[in-house]
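**Q** Residue numbers (full-length UniProt numbering): 1 to 212. Glycine included, C-beta positions come from ideal geometry on N, C-alpha and C.
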Amino acid sequence: MKDIEHMNEKRQLALDKIADADYEIYALLKQRYSPRVFDDTEVSDSDLNRLFEAVRWSASSSNLQPWRFIYARKGTDSFDRMVGCLSDFNTSWASEAPVLLFTAYKEKMDNGKENFHALHDLGLSLGSMTVQAQYMSIALHHMAGVDWKKAQEEFDIPEGYHISTAIALGYYGGVLDDLSEKLQKQETAKRERIPQSEFAFKDGWKNAKEKS
Ligand SMILES: Cc1cc2nc3c(=O)[nH]c(=O)nc-3n(C[C@H](O)[C@H](O)[C@H](O)COP(=O)(O)O)c2cc1C
Numbered sequence: 001m002k003d004i005e006h007m008n009e010k011r012q013l014a015l016d017k018i019a020d021a022d023y024e025i026y027a028l029l030k031q032r033y034s035p036r037v038f039d040d041t042e043v044s045d046s047d048l049n050r051l052f053e054a055v056r057w058s059a060s061s062s063n064l065q066p067w068r069f070i071y072a073r074k075g076t077d078s079f080d081r082m083v084g085c086l087s088d089f090n091t092s093w094a095s096e097a098p099v100l101l102f103t104a105y106k107e108k109m110d111n112g113k114e115n116f117h118a119l120h121d122l123g124l125s126l127g128s129m130t131v132q133a134q135y136m137s138i139a140l141h142h143m144a145g146v147d148w149k150k151a152q153e154e155f156d157i158p159e160g161y162h163i164s165t166a167i168a169l170g171y172y173g174g175v176l177d178d179l180s181e182k183l184q185k186q187e188t189a190k191r192e193r194i195p196q197s198e199f200a201f202k203d204g205w206k207n208a209k210e211k212s
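(1) Taking its Cβ as the centre, do 16 or more other Cβ atoms sit within 10 Å of isoleucine 25, making it buried, or is it exposed?
(2) Assign leucine 100 to buried or exposed, taking buried as 16 or more other Cβ atoms, counted over all protein chains shown, within 10 Å of its Cβ.
(3) With DSSP run on the structure shown, which of helix, strand or coil describes leucine 179?
(4) In terms of residue numbering, what span does the beta strand (DSSP E) encompassing tryptophan 148 cover?
(5) Does at least one heavy atom of ligand 1 sit under 7 Å from the Cβ of alanine 200?
(6) Go ahead and pull the three-state DSSP assignment for threonine 103.
(7) With burial defined as no fewer than 16 other Cβ atoms inside 10 Å of the residue's Cβ, what is the status of isoleucine 167: buried or exposed?
(8) Any chance the CB of residue 230 is under 7 Å from a heavy atom of ligand 1?
(9) Name the one or two DSSP bridge partners that glycine 170 has.
(10) Report yes if the CB atom of glycine 174 is closer than 8 Å to the CB atom of valine 37, and no otherwise.
(11) Hey, which unbroken runs of the beta strand (DSSP E) at 3 residues or more fall wholly within the segment 32-116?
(12) Comparing C-alpha positions only, which one of Ser87, Gln152 and Gln134 sits nearest to alanine 27?
(13) Does the distance between the C-beta of arginine 73 and the nearest non-hydrogen atom of ligand 1 fall short of 7 Å?
(14) Looking at C-alpha atoms only, which residue of Ala104, Tyr71 and Ala19 is the closest neighbour of lysine 149?
(15) Kindly indicate which residue of Leu179, Phe155 and Gly160 has the alpha-carbon position closest to the one of serine 78.
(16) Quick check on the burial criterion: 16 or more other C-beta atoms within 10 angstroms. Buried or exposed for phenylalanine 201?
(17) Restricting to Cα atoms, I'd like to know which of Tyr161, Ala151 and Asp39 is closest to leucine 122.
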């Protein structure tokens with residue numbers, strides 16, 4: 001708990017969101033969650049550089065580094081154009097985030113063949129970004145609810161690149177009352193996870209203990 005208190009000195013992590021882990025894990029991973037409300041502290045250029053640097057040093061298949069990002073700060077035309085590509089639900093809360101990102105990946109390898117692992121590598125790089133962000137008390141909320149075709153057009157994404165998700169990003173904190181009642185409920189709901197026995201199978205798939 002002491003390490004968590006230390007990380008929480010400056011910002012307001014929701015302590016009731018800390019993962020009720022079955023086994024001991026790294027404090028930053030335990031603290032991470034996906035908020036729908038953020039502190040209005042500016043996320044500086046240097047903050048963003050640190051997040052993208054964490055991405056930069058991620059592992060990737062054949063070191064192809066297929067990840068790409070577009071980002072914009074609230075209050076800019078680009079931010080509004082990004083919001084315009086989000087689903088209505090995501091717009092209802094993510095339009096107040098300090099920063100929005102679109103994540104994208106390069107679909108092909110240099111030899112023209114499909115890079116089957118590009119999406120894996122983008123996800124892995126976002127794992128690195130997540131841990132770096134958590135270390136800085138910055139939260140990421142990933143969103144599949146983005147009209148990627150519209151986003152590709154709106155931002156002139158070149159052929160061969162595919163937008164995957166949007167991310168709302170900002171310092172932990174913010175005022176829960178700013179959200180609708182429904183979202184406040186979701187925000188304070190208990191975090192649920194399937195047990196390890198449902199996804200980690202010793203010696204082979206057949207030993208899986210599936211839920212009946
Ligand atoms: C790829 C991906 C897509 C997601 N899409 C959305 C989304 O469109 N809207 C949303 O509110 N949350 C979205 N989420 C957040 C998940 O709902 C959230 O991560 C999950 O409920 C677990 O909660 P936690 O991150 O707080 O542990 C997404 C998460 C991921 C990783």
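**A** Quick look at the numbers:
(1) Start at 1 with the first residue of the sequence shown, and residue 25 comes out as number 25. Isoleucine 25 is exposed by the Cβ-count criterion.
(2) Your numbering for residue 100 matches position 100 in the sequence shown. By the 10 Å Cβ count, leucine 100 comes out buried.
(3) Taking the first residue of the sequence shown as position 1, residue 179 is located at position 179. Coil, per DSSP.
(4) For the purposes of this step, residue 148 is taken as residue 148 along the sequence shown, with counting starting at 1. Tryptophan 148 -> not in any beta strand (DSSP E); alpha helix (DSSP H) instead, spanning 148-154.
(5) Working through the sequence shown from its first residue, we reach residue 200 at position 200. Outside the cutoff, so no.
(6) In the sequence shown, the residue the question calls residue 103 occupies position 103. Looking at threonine 103 - three-state DSSP - the assignment turns out to be strand.
(7) What you label residue 167 is simply residue 167 of the sequence shown in a count that begins at 1. By the neighbour-count rule (16 or more Cβ atoms within 10 Å), isoleucine 167 is buried.
(8) The requested residue 230 does not occur in the structure, where the chain is confined to residues 1 to 212.
(9) What you label residue 170 is simply residue 170 of the sequence shown in a count that begins at 1. Answer by DSSP bridge pairing, in chain order: Ala139.
(10) As a working note, residue 174 is residue 174 in the sequence shown. As a working note, residue 37 is residue 37 in the sequence shown. Cβ atoms of glycine 174 and valine 37: closer than 8 Å.
(11) 67-73 and 99-106
(12) If you number the sequence shown from 1, residue 27 lands on position 27. That would be Gln134, whose Cα lies nearest to the Cα of alanine 27.
(13) Translated into the one-based positions of the sequence shown, residue 73 becomes position 73. No, since every heavy atom of ligand 1 falls outside the 7 Å radius drawn around the Cβ of arginine 73.
(14) Against the sequence shown, residue 149 aligns to sequence position 149. The option with the nearest alpha carbon to lysine 149 is Ala104.
(15) Here the question's residue 78 lines up with position 78 in the sequence shown. Minimum Cα distance to serine 78 is reached at Phe155.
(16) Position 201 of the sequence shown holds residue 201. By the neighbour-count rule (16 or more Cβ atoms within 10 Å), phenylalanine 201 is not buried but exposed.
(17) Stepping through the sequence shown from its first residue, residue 122 is reached at position 122. It is Tyr161.
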